[in-house]
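2 protein chains.
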Amino acid sequence: MNAIRRHPERARHELTDLYAVLDAAAVGTLATVAADGTPWVVPMLYARIGDVVILHGSTGAGALRHARAGAPAALSVMMLDGIVVADNLFDSSANYRSAVVHGTLRDVGEEAEVSALEAMSDALVPGRSTEVRATTRKERAATATCALTMDRWTVKVRDAPPTRPAVTTGGAWAGVVPLRTVADPPVPAAWIDSEAPVPDSVRRLVEGAAGFVTAAGDTGP
Amino acid sequence: MNAIRRHPERARHELTDLYAVLDAAAVGTLATVAADGTPWVVPMLYARIGDVVILHGSTGAGALRHARAGAPAALSVMMLDGIVVADNLFDSSANYRSAVVHGTLRDVGEEAEVSALEAMSDALVPGRSTEVRATTRKERAATATCALTMDRWTVKVRDAPPTRPAVTTGGAWAGVVPLRTVADPPVPAAWIDSEAPVPDSVRRLVEGAAGFVTAAGDTGP
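Sequences listed follow chains A and B, in order. For the first sequence, UniProt numbering gives the first residue as 1, with consecutive numbering after it. For the second sequence, UniProt numbering gives the first residue as 1, with consecutive numbering after it.
Listed below in structure tokens is the structure:
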């Protein structure tokens, strides 16, 4: 865990806090340093398995190859949970949950790749991995799955109304606009059998039972 | 604009495409390289003004000071617009809009700082900046506002059903679950006058008229 100097009251210090933030989101930004010393970033889907973050790319992606060579890397995750509206711009802010994890990337072995793929899938659509056919050998070969260690990390959470100003403007409104990600009814691909039933996992996602779409609230399994 | 090797069909090449992605989001991840050569990342609120990205921090934030010294920096932005559910894990994917901007950071002058603050506010709550009192000199002094130049950039968009597999599983469902960020009814701060009317800007945000909360659709002004 790293020390946080700015707004230390927003820091969270337990590993369970880190895992809660990582498990609530499914997209993060992976950063590393390019060969020329400049920053390299890319948004990526991810999942946590135990004490590593699994990232999923293609064996053809050049930039990820660089990061996979054991270079130091970092993952940043943020969920915007609300807009904090003060009676002035300076005190206006945002409610959020965020985490930054520093570590190094390594390939996961071929055996671990299948469970990594399943974890990635379940991070987006819980339970989907149990409904589909097994991943083929050819598909595994075309997939590059990396694990990021969690050597250092910080977690910051803001979940509060606007700060009360020293001098309040009479009658001015101030408060929070909560934000939430919702799933709309699923859109079937044009090429499927029109009688094909919507899978249970997708149904649960749309009904809001899956953790990740309730960004503003508690976040499920 | 940078070349994209992986999934080139997802690349967008016009400056208007870049601006559309940047203007549709309000949170990005800023990356730079720390003094020890390791990647440094932090999620940040931002706004675009013309051909620069405005980032907003505190004069007390040490890490941002490093980035402000003119070091190369990058901003990554992603909106997850949908979950692409195939009949197998390998073809499952996500629909998204993403942008990565590379440039250098510089301070904006004190004159520009007020319009930068207003742009930051309007990125979250369009029109709010016209409803509040002016920012004071003291508040401006406590605010560090930086501008990131857009020297190189990439935009990637996926907005499609799952790829049709060579061999389809009879009767299996496949499709897209669209995702969308919504604003819930505003929660007033406990310390305000209970008669204080909800500002027009906040009312519009909750009613969905403000661009940024309709992540899955067209994005307003």
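A virtual CB, placed ideally from N, CA and C, is assigned to each residue, including glycine.
Cβ-Cβ distance between residue i and residue j below 9 Å
| i | j | result |
| --- | --- | --- |
| A/Ala86 | A/Thr135 | no |
| A/Thr38 | A/Thr104 | no |
| A/Pro43 | B/Tyr96 | yes |
| B/His31 | B/Ala74 | First, the residue type needs correcting, since residue 31 of chain B is Ala and not His in the sequence shown. The answer is yes: Cβ separation under 9 Å. |
| A/Met79 | A/Ala119 | no |
| residue 229 of chain A | B/Val177 | Residue 229 of chain A is absent from the structure shown; chain A starts at 1 and stops at 221. |
| A/Glu139 | B/Leu89 | yes |
| B/Pro197 | B/Val84 | no |
| B/Asp81 | B/Leu179 | yes |
| B/Val33 | A/Val33 | yes |
6 Å Cβ shell around residue i - same chain, five flanking residues per side excluded
| i | result |
| --- | --- |
| B/Arg12 | Val155 and Val157 |
| B/Asp17 | Val155 |
| B/Val41 | Thr29 and Ala31 |
| A/Ala20 | none |
| residue 222 of chain B | Since the first residue of chain B shown is 1 and the last is 221, residue 222 of chain B is not available in this structure. |
Candidates the options: closest to residue i by CA position
| i | options | result |
| --- | --- | --- |
| B/Asp159 | B/Ala166, B/Pro199 and B/Ala94 | B/Ala94 |
| A/Ala172 | B/Ala166, B/Pro199, B/Arg137 and B/Leu205 | B/Pro199 |
| B/His184 | B/Ser194, B/Leu205, B/Ser201 and B/Val177 | Before going on, a small fix: residue 184 of chain B reads as Asp here, not His. Taking only the C-alpha atoms, the option nearest B/Asp184 is B/Leu205. |
| B/Trp191 | A/Ala189, A/Arg180, A/Cys146 and A/Ala174 | A/Ala174 |
| A/Glu110 | A/Thr181, A/Cys146 and A/Glu195 | A/Cys146 |
| residue 222 of chain B | B/Leu55, B/Tyr19 and B/Pro72 | Not covered by the structure: residue 222 of chain B. The range shown for chain B is 1 to 221. |
| B/Ala71 | B/Ala20, B/His102 and B/Ala116 | B/His102 |
| A/Asp151 | A/Asn88, A/Leu179, A/Arg133 and A/Asp51 | A/Asp51 |
| B/Leu22 | B/Ala34, B/Arg48, B/Glu195 and B/Ala35 | B/Arg48 |
| A/Pro165 | B/Ala166, B/Ala189 and B/Val53 | B/Ala189 |
| residue 228 of chain B | B/Ser76, B/Pro197 and B/Arg137 | Here chain B has residues from 1 to 221 only, and residue 228 of chain B is not among them. |
Own chain residues within Cβ distance below 7 Å of residue i, not counting five before or after
| i | result |
| --- | --- |
| B/Ala141 | none |
| A/Asp218 | Only weak support is given to the placement of A/Asp218: the predicted model assigns it a pLDDT of 35, under 50, and the value that follows is read from those uncertain coordinates. For A/Asp218, where only same-chain residues beyond five positions count, there are no Cβ hits under 7 Å. |
| B/Gly170 | none |
| B/Val132 | none |
| B/Asp91 | Pro162, Thr163 and Pro165 |
Cut-off 8 Å between Cβ atoms - residues of its own chain near residue i, not counting five sequence neighbours on either side
| i | result |
| --- | --- |
| A/Glu14 | none |
| B/Arg10 | Ile4, Lys156, Val157 and Arg158 |
| B/Val202 | Val125, Arg128 and Pro186 |
| B/Asp122 | Ala47, Arg128 and Ser129 |
| B/Ser194 | Pro188 |
| A/Ser115 | Ile49 |
| B/Val167 | none |
| A/Ala26 | Leu45, Tyr46, Ala47, Ala123, Leu124 and Phe212 |
| B/Pro8 | none |
| A/Arg137 | none |
Near the ligand MG: residue i beta-carbon under 8 Å from a heavy atom
| i | result |
| --- | --- |
| A/Ala25 | This structure simply doesn't include the ligand MG, nor any ligand for that matter. |
With a floor of 3 residues, list each beta strand (DSSP E) that falls wholly inside the region 39–116 of chain A, ordered by position along the chain.
Taken in chain order, the complete beta strand (DSSP E) segments of 3 or more residues contained in the region 39–116 of chain A are 39–49, 52–58, 72–85 and 93–107.
May I have a chain-ordered list of the alpha helix (DSSP H) segments no shorter than 4 residues that lie completely inside the region 132–217 of chain B?
137–141 and 200–206
Can you pull out the residues from the region 138–172 of chain B whose beta carbon lies closer than 8 Å to at least one beta carbon of chain A?
When CB distances to chain A are screened at a threshold of 8 Å, the residues of the region 138–172 of chain B falling below it are Glu139, Ala142, Thr143, Pro161, Pro162, Arg164, Thr168, Thr169, Gly170, Gly171 and Ala172, in chain order.
Could you list the residues in the region 89–112 of chain A with a C-beta less than 8 Å from some C-beta on chain B, going in chain order?
Leu89, Phe90, Ser92, Ala94, Tyr96, Ser98, Val100 and His102
Taking Cβ-Cβ distances below 8 Å as the criterion, which residues of the region 40–56 of chain A are in contact with chain B?
Trp40, Val41, Val42, Pro43 and Leu45
Between the region 180–201 of chain B and chain A, which residues of the former have CB atoms less than 9 Å from a CB of the latter, in chain order?
Contacts with chain A (Cβ-Cβ distance below 9 Å) from the region 180–201 of chain B involve Arg180, Thr181, Val182, Ala183, Asp184, Pro185, Pro186, Val187, Pro188, Ala189, Ala190, Trp191, Ile192, Asp193, Glu195, Ala196, Pro197, Val198, Pro199 and Ser201, listed in chain order.
May I ask you to list, following chain order, the residues of the region 70–84 of chain A that have a beta carbon less than 7 Å from some beta carbon of chain B?
Pro72, Ala73, Ala74, Ser76, Met78, Leu80 and Ile83
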